Amino acid sequence: MSECGTQPPDGSRSGEPELTCEQSLARVYEYLDGELDTAEHDAVRRHLEKCRKCYPHFDFERLFLDYVHELGAGEESRPGLADRVRDMLAAEKS
Amino acid sequence: MSIPAEQRQREFESEALVHLDALYGLALRLSGGDEPRAEDLVQEAVLKAYRAWDRFESGTNCRAWLMTILRNTFINQFRRQKARPVPVEFEQVAERPSSEALYEADPEGQIFDRIIDDQVIAAIDELPEEFRVAVVLSDLEGLSYQEVAELMGIPVGTVKSRLFRARKRLQERLYDYAVEMGYLR
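Top line first, the protein sequences correspond to chains A and B.
Here the first sequence stands for residues 26 to 119, where the numbers follow the working numbering.
Here the second sequence stands for residues 250 to 434, where the numbers follow the working numbering.
What follows is the structure, given as structure tokens:
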């Protein structure tokens, strides 16, 4: 792993294009949301395997998204809502 | 074969109304914490569900069915409203260095174990509606970019940029809370 700054990490032997840190970070949410196509996803993953600058940043964003997702919309109660809904349904029925 | 009205209502009450708190929770987040608006939304969605109850397939996921009706009800209202201007501060959020402040101060994300959920919910509620709706549908409800784009009637690229800006804004707010609470200095 290397500190690669904004330059593409070296060591590409596969012939695949290498992403810079800037290009990888621009795709962080699409990567974590599973919204990249396979080639782009692999390109980001290859960058992360080599770049110690971006890896923790992606990890942080993953923790953030997991936290918000687990929070969810949740359940909330509102006093009297169930009674008002039942009244509405009774009126609808009649 | 039609079901007698009383039996129909009993079935609906026992299968559907048990999800009222979940419906209200989603309505509250979509409407940014506006309680009367959220209640109206729940009432409208429940009425639609009740009228469509004959078409609900017993044994399938009633909660998911109701949540979809509520989401669509909200989106119909949302899309009927005129386009709202995006606040300038949101247009510029990508350029604001403070959006990276949380990562720089807490790269390991310890804040996510310590922050109070209500503070994050308040921060989501405070997002401008176009951004909040994208976050609620994508991040809280787990819809794909394409699903959010279709629901909101906007291009996928716009969903991406709204999510980016909204998430950075939430991180800014989390940073402010963390400093206020003394978790970060």
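Don't be surprised by glycine CBs; every beta carbon is placed ideally from N, CA and C.
A quick note: this is a predicted structure, and the numbers were derived from the prediction, not measured.
The beta carbons of B/Gly402 and B/Arg328 sit about 5 Å from each other, so the pair counts as a contact at 8 Å. DSSP places A/Cys79 in the uninterrupted alpha helix (DSSP H) bounded by Cys79 to Leu96. Taking 8 Å as the cut-off, the beta carbon of B/Leu319 is found no closer than this to the beta carbon of B/Leu423.
The beta carbons of B/Ile373 and B/Arg381 sit about 6 Å from each other, so the pair counts as a contact at 8 Å.
Exclusion of the five residues before and after B/Ala354 leaves Leu433 as the residues of its chain whose Cβ lies within less than 6 Å of its Cβ. Annotation: the continuous alpha helix (DSSP H) that includes B/Val382 extends over Glu378 to Val384. Rounded to whole angstroms, A/Asp67 and B/Leu412 show a C-alpha spacing of 22 Å. Note on geometry: alpha-carbon atoms of A/Ala98 and B/Thr317 lie some 13 Å from one another.
At a cut-off of 8 Å between C-beta atoms, B/Glu396 does not count as an interface residue with respect to chain A. Around the beta carbon of B/Ala383, a 10 Å sphere encloses 16 or more other beta carbons of the protein chains shown; the residue is thus reported as buried. For the options B/Tyr426, B/Arg259 and B/Gly431, the alpha carbon positioned closest to that of A/Lys118 is the one of B/Arg259. Chain order gives no chain A residues near B/Leu290, where near means a beta carbon separation below 9 Å; the closest approach is about 11 Å. Between A/Leu96 and A/Leu57, the C-beta spacing is not below 8 Å.
Within the stretch 97-108 of chain A, Gly97, Ala98, Gly99, Glu100, Glu101, Ser102, Arg103, Leu106 and Ala107 place their CB atoms closer than 7 Å to a CB of chain B, listed in sequence order. Under the 8 Å criterion on CB atoms, B/Val295 is classed as interfacial with respect to chain A.
B/Gly281 is the residue among B/Arg300, B/Leu272 and B/Gly281 whose C-alpha sits nearest the C-alpha of B/Asp367.
Closer than 8 Å to the CB of A/His66 there is not a single CB belonging to chain B. Taking all protein chains in view, the Cβ of B/Ser307 is surrounded by fewer than 16 other Cβ atoms within 10 Å, so the residue is classified as exposed. At a cut-off of 8 Å between beta-carbon atoms, A/Phe85 makes contact with chain B. Annotated as proximal: A/Leu106 and B/Tyr273, with beta-carbon spacing under 8 Å.
The stretch 75-89 of chain A makes contact with the stretch 46-54 of chain A; the number of CB pairs closer than 8 Å reaches 3 or more.
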